[in-house]
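Presented below is the structure to which this report refers.
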Amino acid sequence: MSGCRDVGMILPEGQLKCVCRSRDQFDGSVALEYRDRHLVRVSIDPQRWTLVYRCPGTGMIWILDYPESSSHGGGNPRLRQLTQMDG
Ligand SMILES: [Zn+2]
């Protein structure tokens, strides 16, 4: 079920305010910044270069990928919210 992570009301220094309920996509450097400063990594798909993250506050799942990455290391990062499948 849920992990042991402390979900406090006070954000640590440098963390971003949670906007997971009002945004469902970030592109470019904003995607990486939001990921770095807010989200918790869940898993990695090394074959598709897809990374899965979770919001520590809301539990919402985010997918980071590089849709334009035809070449190694290329492409703009894109962070999309995964619609939760309930039931
Ligand atoms: Zn959030």
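Sequential numbering from 2 applies to the sequence shown in the numbering used here. Using N, Cα and C, we set each Cβ at its ideal position, and we do this for glycine too. Quick caveat, the model's predicted, so the values are computed rather than measured.
Close beta carbons around residue i, own chain, < 8 Å, minus the five adjacent residues each side
i, result
"Trp63", "Cys21, Arg36, Leu40, Val53, Tyr54, Arg55, Cys56, Leu80, Arg81, Gln82 and Leu83"
"Gly38", "The sequence as given places Arg at residue 38; Gly does not occur at that position. Same-chain partners within the cutoff: Gly15, Gln16 and Leu17."
"Asp1", "Look at the range of the chain in this structure, 2 to 88, and you will see that residue 1 is not part of it."
"Cys19", "His39, Cys56, Gly58 and Thr59"
Residue i Cβ short of 7 Å to ligand 1 heavy atom set
i, result
"Gly15", "no"
"Gly29", "no"
"Thr59", "yes"
Cβ neighbours of residue i in the same chain (closer than 7 Å, five flanking residues each side left out)
i, result
"Ala32", "Leu65, Pro78, Arg79 and Leu80"
Beta-carbon proximity list for residue i, same chain, < 6 Å, skipping 5 on both sides
i, result
"Arg42", "Tyr54"
Closer than 8 Å to chain C by CB, residue i
i, result
"Arg42", "In the displayed structure, chain C is absent; only one protein chain is listed."
C-beta contact flag for residue i and residue j at 8 Å
i, j, result
"Gly76", "Tyr67", "yes"
Along the chain, which unbroken stretches of the beta strand (DSSP E) at least 3 residues long are found entirely within the segment 44-74? 51-55 and 62-66
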